[in-house]
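Novice:
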Amino acid sequence: MSTAVALDGPAGAGKSSIAKRAAKALGFIYVDTGALYRTIGLAATRAQVEPVDSLQLDKLLEEIKVELTFSKDAGQIVLLNGEDVSDEIRTPEASMMASKISAVPKVRAYLLDLQRNMAKENNVIMDGRDIGTVVLPDAQVKIFLTASPEARAGRRYKELIEKGMSVKYEDILSDVIERDYNDTHRDVAPLKPAEDSVTVDTTELDFEQSVEAILDVIQNRINN
Ligand code: DC
1 MSTAVALDGP AGAGKSSIAK RAAKALGFIY VDTGALYRTI GLAATRAQVE
51 PVDSLQLDKL LEEIKVELTF SKDAGQIVLL NGEDVSDEIR TPEASMMASK
101 ISAVPKVRAY LLDLQRNMAK ENNVIMDGRD IGTVVLPDAQ VKIFLTASPE
151 ARAGRRYKEL IEKGMSVKYE DILSDVIERD YNDTHRDVAP LKPAEDSVTV
201 DTTELDFEQS VEAILDVIQN RINN
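Mind the numbering: the sequence shown is residues 1 to 224 in my numbering, read in order.
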């Protein structure tokens, strides 16, 4: 039987980089479910479909094909109708569209089997917002990875400054707070810790310590 680690938490808690490293250490596949919402967002943008237009969205979901593949070097690759869109889904516009489209129940339902099948066929660390609560309620390990809004905004600020961008810490902090509000207050699959999850707070931890912390939780749960 395969093993599933459900990893949920707010944006900017470092889930993807921490989970990628932990998955490598365990020989598991790292599945980034945000990429799926981003891909549907991209498909909607290309087809000029508004996320709220139910009929157009139904038609779009019938017509598109979203697939995940994995390569040793590049990790997860997401395909939209056979085209690799892994880079194109990372723009700020795609983030915004993903955020809107992820609140639509039929989009969440559409992606459910794809996510569950990944976990049936592979040992996975699956990163998202509702993995422990909705997608894989029977996951052997559930982790809620979080950090204070200030710590998350501070890390993001540092990243952007290092990339040479001119940004203000206060603006990033208010974005983080707004996104947290949206994620936790939407009607469908809101972000919240599963009852049987272990919370790991990385506010005071650096990257290596965070990886160690989640590996400890995983190994404890799997071995007990
Ligand atoms: O993790 P991310 O930033 O790539 O996610 C993109 C958007 O998709 C974000 O607004 C939250 C949403 N999302 C979700 O609702 N459920 C998931 N399992 C993963 C992401």
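Don't be surprised by glycine CBs; every beta carbon is placed ideally from N, CA and C.
(1) Nearest to threonine 146 by CA position, among Thr33, Met165, Pro193 and Arg108, is which residue?
(2) Following a CB-centred definition, is alanine 11 positioned closer than 6 Å to any heavy atom of the ligand DC?
(3) Can you find a CB in chain B that lies within less than 7 Å of the CB of glutamine 115?
(4) Tell me glycine 75's beta-bridge partners as DSSP assigns them.
(5) Residues in the same chain with beta-carbon distance under 6 Å from proline 149, minus the five sequence neighbours each way, listed in chain order, please.
(6) Does the distance from the CB of serine 197 to the CB of glycine 132 come in under 7 Å?
(7) Is the region 124-140 in contact with the region 180-194, if contact means three or more CB pairs nearer than 8 Å?
(8) For leucine 42 and isoleucine 89, which I take to be in contact (beta-carbon distance under 8 Å), what is that distance rounded to the nearest angstrom?
(9) Curious, which full-length alpha helix (DSSP H) runs of at least 4 residues does the region 154-223 contain?
(10) Look at the Cβ atom of methionine 118, then the Cβ atom of valine 5, and state whether they are nearer than 7 Å.
(11) Kindly examine the ligand DC and report whether one of its heavy atoms sits closer than 6 Å to the Cβ of glycine 164.
(12) Does the distance from the C-beta atom of alanine 98 to that of tyrosine 181 stay below 7 Å?
(13) Shorter than 6 Å, the distance from the beta carbon of aspartate 130 to the closest heavy atom of the ligand NAD, or not?
(14) Going by the CB atoms, is the gap between valine 217 and isoleucine 143 shorter than 7 Å?
(15) Using alpha carbons as the reference points, say which of Lys24, Gln219, Arg156 and Asp138 lies closest to phenylalanine 70.
(16) Grab me the residues of leucine 80's own chain with a C-beta within less than 7 Å of its C-beta, minus the 5 sequence neighbours each way, in chain order.
(17) Cutting at 8 Å between CB atoms, please list the residues of its own chain near leucine 61, excluding the five before and the five after it.
(18) Leaving out five residues on either side along the sequence, give the residues of the same chain with a beta carbon under 8 Å from the beta carbon of leucine 215.
Specialist: In short, the structure shows the following:
(1) Per the C-alpha coordinates, the member of Thr33, Met165, Pro193 and Arg108 positioned closest to threonine 146 is Pro193.
(2) yes
(3) In the structure shown, chain B does not exist; there is a single protein chain.
(4) When beta bridges are read from the DSSP output, glycine 75 appears opposite Ser71.
(5) Val176 and Ile177
(6) yes
(7) yes
(8) 5 Å
(9) 169-185 and 207-223
(10) no
(11) no
(12) no
(13) This structure simply doesn't include the ligand NAD; it includes the ligand DC instead.
(14) yes
(15) Nearest C-alpha to phenylalanine 70 among Lys24, Gln219, Arg156 and Asp138: Lys24.
(16) Thr39, Leu42, Ala43, Ile64 and Val66
(17) Ile40, Lys106, Val107 and Tyr110
(18) Ala22, Ala25 and Leu26
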